[in-house]
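Just so it is clear: in the sequence shown, position 19 is 37 by this note's numbering, and no numbers are missing.
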Amino acid sequence: MVSFSCEACGDVLTKKKLDPHRNQCRGASFTCIDCMVHFQGTSYRSHTVCLSLFWLSALDFASAYLLCGLVPALSRCFNSKWAAVAGRNS
């Protein structure tokens, strides 16, 4: 669940509690804690998707996992070419 921080008072609230809080807290504007995007007025209502640090790290892990199959092949290719070059020079 996405949480927002009130810039006026510092409270941390869920999305469903933002409207009532905005009516009570003078000058309230909110920042999404997951993606650090700041919202003026009621623009937070349209915020339904964000890339949090969790998802970015998950994408990094997934890409590293997918590339893992390529790295040994590239390493073998490099090592065989290096051995051929080194063998010529010795």
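Glycine is no exception: its CB is placed at the ideal position from the N, C-alpha and C atoms.
Would you call residue i buried or exposed, if buried means 16 or more other Cβ atoms sit within 10 Å of its Cβ?
i   : result
R40 : buried
C27 : exposed
C24 : buried
How far does the beta strand (DSSP E) with residue i in it extend, from its first residue to its last?
i   : result
P60 : According to the sequence displayed, residue 60 carries Thr and not Pro. First-last for T60: undefined, no H or E at that position.
Hey, how far is the Cα of residue i from the Cα of residue j?
i   : j   : result
Q42 : L36 : 10 Å
S64 : V30 : 18 Å
Q58 : K33 : 14 Å
G45 : F22 : 15 Å
H56 : C50 : 7 Å
S61 : M54 : 14 Å
Grab the span of the alpha helix (DSSP H) containing residue i for me, first residue to last.
i   : result
R40 : 36-42
Tell me whether residue i sits in a helix, a strand or coil according to DSSP, three-state version.
i   : result
D29 : coil
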